[in-house]
Each structure stands twice: as C-alpha cells, then as structure tokens.
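Undergrad: The numbering used here numbers the first residue of the sequence shown as 148 and each following residue consecutively.
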Amino acid sequence: MIKRIEKTKIMHRVVVNNGTAYLGGIIADDVSVGMGGQVTQICGKLDQMLAMAGSDKTKLLSAQLFITNMSLKDEMNEAWLSWLDGNDLPARATIGVADLGKPEILIEVVVTAAV
C-alpha cells in the first residue's frame, strides 16, 4: 500500500511504499542564512518528515545534496555531520548545480529511508 504524506500543489513531501520512505527535495525556510544555517534547518525538517513516515535519521539509506557553490562543501559537511551519528551515514552524492530557483537557496536535499 502506498502512503502519501503532506500534499503540496505539485507533489507529496513524503511517499512511503514497501518499507521505504521517499522524501521530496527540501530547502531551508530562511534562506538569508549561510550554508551551515540552511543545512541545519533542512536537517530539522528531515527529522519531522521522517517521523511522519514512521522513520528517523538512523534509517537513512541514501541522500542527494544539490549545492550551488562547491566552495561551501566543507561548511555543508560540518553541519550535516553534526546532525548525523557517524555510524548511521547514508550512501550520499553531492551534486553541484547552477541554480535552485533563487540565488539565496544554497542547497536542496533529497533522501530515502527505511521505515
């Protein structure tokens, strides 16, 4: 059975199927802050959405981090690792992109987790 959570105009934020939760792209609410602040906000939102799906960050399977400035990768990694226990890291890709819709948006994160 497919479970869809938190519908928006264009998607559901979370779709759960066959023991796996798929989260749509997540950006920070306050994009006036730097990379570290945006990652911290995103991680808080991930906690909330994973909980709605019946999961948590220890069950992350994969993560895709889309960033607009690779020179900010170290700052991104620092905030990311402060959220995760080093034993439960997901498979991950960091993808450099030219644009995420607004110049202030520095990062968008997509994750998949077990439930």
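All residues carry an ideal CB built from backbone N, CA and C; glycine is no exception.
These figures come from a predicted structure and were not determined experimentally.
For Glu251, which residues of its own chain have a beta-carbon under 6 Å away from its beta-carbon, when the five flanking residues on both sides are left out?
TA: Taken in chain order, the residues that qualify are Val178.
Undergrad: Whose C-beta lies closer than 6 Å to the C-beta of Ala175 among residues of the same chain, with five residues either side of it excluded?
TA: These residues qualify, in order along the chain: Gln185, Gln188 and Ile189.
Undergrad: Hey, would you say Val262 sits closer than 8 Å to Ala198, going by beta carbons?
TA: Cβ distance not < 8 Å, so Val262 and Ala198 don't count as in contact.
Undergrad: Between Gln211 and Val257, which are expected to be in contact by the criterion C-beta below 8 Å, what is the C-beta distance as a whole number of angstroms?
TA: Gln211 to Val257, Cβ: 5 Å. Contact.
Undergrad: Under the DSSP definition of a beta bridge, which residues are partnered with Lys154?
TA: His159, per the DSSP bridge assignment.
Undergrad: For Ala226, report the span of its alpha helix (DSSP H) as first-last.
TA: Per DSSP, Ala226 belongs to the alpha helix (DSSP H) from Lys220 to Trp230.
Undergrad: Among the candidates Met217, Ser229, Trp230 and Asn234, whose CA atom is the shortest distance from the CA of Ala240?
TA: Cα-wise, what sits closest to Ala240 is Met217.
Undergrad: Would you decide whether Leu236 is buried or exposed? Buried here means 16 or more other CB atoms lie within 10 Å of its CB.
TA: Leu236 comes out exposed.
Undergrad: I'd like the list of long-range same chain contacts for Val180, defined as Cβ closer than 8 Å, with 5 residues on each side in sequence excluded.
TA: Same-chain partners within the cutoff: Gln188.
Undergrad: What is the DSSP secondary structure of Thr259, counted as helix, strand or coil?
TA: Strand.
Undergrad: Between Glu219 and the rest of its own chain, which residues show a CB-CB distance below 6 Å, the 5 nearest in sequence each way excluded?
TA: One detail in the question is off: residue 219 reads as Leu in this sequence, not Glu. Around Leu219: Met182.
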